[in-house]
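A.B. asks:
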Amino acid sequence: MFPQRTMLRASQRFASQVRSPAVRKPFQRRFQSSESSPFHGAEDNAFNRERKAVKDHAAGTSELWRKLSLYVALPGLIITGLNAYVLWNKHWEHWSHLPPLEERTEYPYQNIRTKNFFWGDGDKTLL
Numbered sequence: 001m002f003p004q005r006t007m008l009r010a011s012q013r014f015a016s017q018v019r020s021p022a023v024r025k026p027f028q029r030r031f032q033s034s035e036s037s038p039f040h041g042a043e044d045n046a047f048n049r050e051r052k053a054v055k056d057h058a059a060g061t062s063e064l065w066r067k068l069s070l071y072v073a074l075p076g077l078i079i080t081g082l083n084a085y086v087l088w089n090k091h092w093e094h095w096s097h098l099p100p101l102e103e104r105t106e107y108p109y110q111n112i113r114t115k116n117f118f119w120g121d122g123d124k125t126l127l
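Numbered per full-length UniProt numbering, the sequence shown spans residues 1 to 127.
Right, dumping it as structure tokens:
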């Protein structure tokens, strides 16, 4: 008698689990292409619908910025870096063909010293 009761209770428990919406939902056939609302009963209120809309919008926006960062910003940085490198090399190649610069002329209005500095005449550094 005892094993029969155990089997009966186990079969009833199993049947109730199979009938639960969590188990049936993946196997149910949907006759409508879209649901009106993912919320049912007490969950279906304006706050939850707006919150879901905000989450969906945030997911779409974050995906957009991820794609922009990967497919626009990174190639743009690489192209800009290559352009700067080429221009830098062209600039120094141009300077290598020029004659050396002559010494700068000292004019009387430059380098005026009205008082002595404690480290010397002011033309040297502290080191």
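C-beta atoms are modelled at their ideal positions from N, C-alpha and C, and glycine is treated no differently.
If the criterion is Cβ atoms closer than 8 Å, does the pair P38 and K52 meet it?
C.D. replies: yes
A.B. asks: Please state whether DSSP places F117 in a helix, a strand or coil.
C.D. replies: strand
A.B. asks: Please return the same chain residues whose Cβ sits closer than 8 Å to the Cβ of D121, not counting the five positions on each side in sequence.
C.D. replies: Hits under 8 Å: R113.
A.B. asks: Pick helix, strand or coil for I112, following the three-state DSSP scheme.
C.D. replies: coil
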